[in-house]
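Trainee: My questions will all concern the structure given below.
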Ligand code: TXA
Ligand code: MG
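In this note's numbering, the protein residues as written are -19 to 307.
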């Protein structure tokens, strides 16, 4: 295991980014901020580094990674874009959208990172630190979220440190992220399919495409029947404390994850109360989601009661992550 390393933490100044790029070139593991969540980066062409990355996260190697690049030319070197994929890329990159596409001939991403699939996930992140790091490195960087596998994704450098200290080489601290949930994943095959709701609302994508996104086949319990995005297994993003959804009261011993201005019966006796957005703003709620789940998980409550969140816009991704947290 990649345990017992000294994990350095650095601010995101130009010297530190040069150092981080050098670390990636030497096969190191570097956590860095993106606009969605913090990623754990490795050189996309270095199979040994990618093997260390899977170990550091405790992630099953059948779960492929997203290749992050600085511009569309680099993305087209990795994957084949049809007209709809190109339209989405030009409309939403840089930004919280990942496209799953056929691999380009001579795709530079190591097979280990794509789990042997003939498709590859690509995105151009919008965070200035991520883009500066990608440019300094000069190639593609594969990066899953920088948490232990199955844990809540990190939205601050401190979250990364609490999961991965001793297991990775470097954490570039760029402050708290702005979006707060992972990128939306769209598979561009015959008809574009929503593989994971995320930081770019479905409605925005469908408006650009002029048609609805296909929905992957679902099991009755809401888990994907055959996980087309293999990381979308039901029990993911799980806090240790049991999570109870659609709460209209707070039961004895529970903490409350609130949304909006409503007051619930039993709220005054809650172990702790955190409100995703007192004004019921979904973007604010997405930004706060993972940090508040981590904070409430640390309070030793018997359970975390969660108030309903509307299912449109960013609410689709928020509800998706909450359902997984409740499994
Ligand atoms: O916002 C994000 O997407 C963050 C930041 C760091 O970019 N990254 C992230 O990575 O969330 P990760 O590894 O936690 O989630 C990537 C998802 C997984 O569910 C994986 O199964 C799916 O992308 N995926 C990757 N390659 C795929 C492929 N070829 N086909 C289908 N799904 C794929
Ligand atoms: Mg993840």
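Quick reminder that beta carbons are idealized off the backbone N, C-alpha and C, glycines included. Quantities reported herein were computed from a predicted structural model and do not represent experimental measurements.
Restricting to Cα atoms, I'd like to know which of -3, 16, 130, -8 is closest to residue 263.
Mentor: 16
Trainee: Distance check for residue 234 and residue 113, CA to CA, integer angstroms please.
Mentor: 42 Å
Trainee: Have a look at residue 299 and residue 289 and give me their C-alpha separation to the nearest angstrom.
Mentor: The alpha-carbon separation between residue 299 and residue 289 amounts to approximately 7 Å.
Trainee: At which residue ranges does the stretch 249 to 288 contain complete beta strand (DSSP E) runs of 3 or more residues, listed in the order of the chain?
Mentor: 253 to 255, 283 to 286
Trainee: Taking just the CA atoms, how far does residue 29 sit from residue 268?
Mentor: 32 Å
Trainee: Are the beta-carbon atoms of residue 45 and residue 132 separated by less than 8 Å?
Mentor: no
Trainee: Which residues in the same chain as residue 180 place their Cβ atom closer than 8 Å to its Cβ, once the five residues preceding and following it in sequence are excluded?
Mentor: 72, 75, 76, 77, 163, 164
Trainee: Roughly how many angstroms lie between the CA atoms of residue 247 and residue 286, to the nearest whole one?
Mentor: 12 Å
Trainee: Which parts of the stretch 30 to 95 are runs of the beta strand (DSSP E), unbroken and 3 residues or longer, counting only runs that do not cross its ends?
Mentor: 46 to 48, 77 to 82
Trainee: Could you tell me the distance, in whole angstroms, from the CA atom of residue 94 to the CA atom of residue 100?
Mentor: 6 Å
Trainee: Closest to residue 190 by CA distance: which of 171, 97, 111 is it?
Mentor: 171
Trainee: Could you check if residue 113 belongs to the surroundings of the ligand TXA, using beta carbon to heavy atom distance under 7 Å?
Mentor: no
Trainee: Quick check on residue 147: does DSSP put it in helix, strand or coil?
Mentor: coil
Trainee: Hey, would you say residue 13 sits closer than 8 Å to residue 107, going by beta carbons?
Mentor: yes
Trainee: Express the C-alpha separation of residue 36 and residue 3 in angstroms, rounding to a whole number.
Mentor: 16 Å
Trainee: Can you give the beta carbon distance from residue 175 to residue 80, rounded, assuming they're within the 8 Å contact cut?
Mentor: Your pair residue 175 and residue 80 checks out as a contact, with CB atoms roughly 6 Å apart and the cut at 8 Å.
Trainee: Is residue 13 helix, strand or coil when you go by DSSP?
Mentor: When DSSP states are grouped into helix, strand and coil, residue 13 belongs to the strand group.
Trainee: For residue 261 versus residue 244, is the C-beta distance shorter than 8 Å?
Mentor: no
Trainee: For the alpha helix (DSSP H) that residue 170 lies in, which residues bound it at each end?
Mentor: Here residue 170 belongs to no alpha helix (DSSP H), and DSSP marks it neither H nor E.
Trainee: Quick check: is any heavy atom of the ligand NAD less than 7 Å from the C-beta of residue 131?
Mentor: Inclusion of the ligand NAD in the displayed structure is not the case, the ligand content consisting of the ligand TXA and the ligand MG alone.
Trainee: Determine the direct distance from the alpha carbon of residue 253 to that of residue 284, and round the result to whole angstroms.
Mentor: 10 Å
Trainee: Can you tell me which of the three DSSP states residue 19 falls into?
Mentor: Strand.
Trainee: Relative to the alpha-carbon of residue 305, which residue among 123, 226, 219, 157 has its alpha-carbon at the smallest distance?
Mentor: 219
Trainee: Closest to residue 278 by C-alpha separation, out of 221, 87, 102, 27, would be which residue?
Mentor: 221
Trainee: Quick one: what does DSSP say residue 207 is sitting in, helix, strand or coil?
Mentor: Any reading at residue 207 must be qualified, since the residue scores a pLDDT of 49, below 50, and its modelled position is unreliable; the value itself is stated next. The answer is coil: DSSP assigns residue 207 none of H, G, I, E or B.
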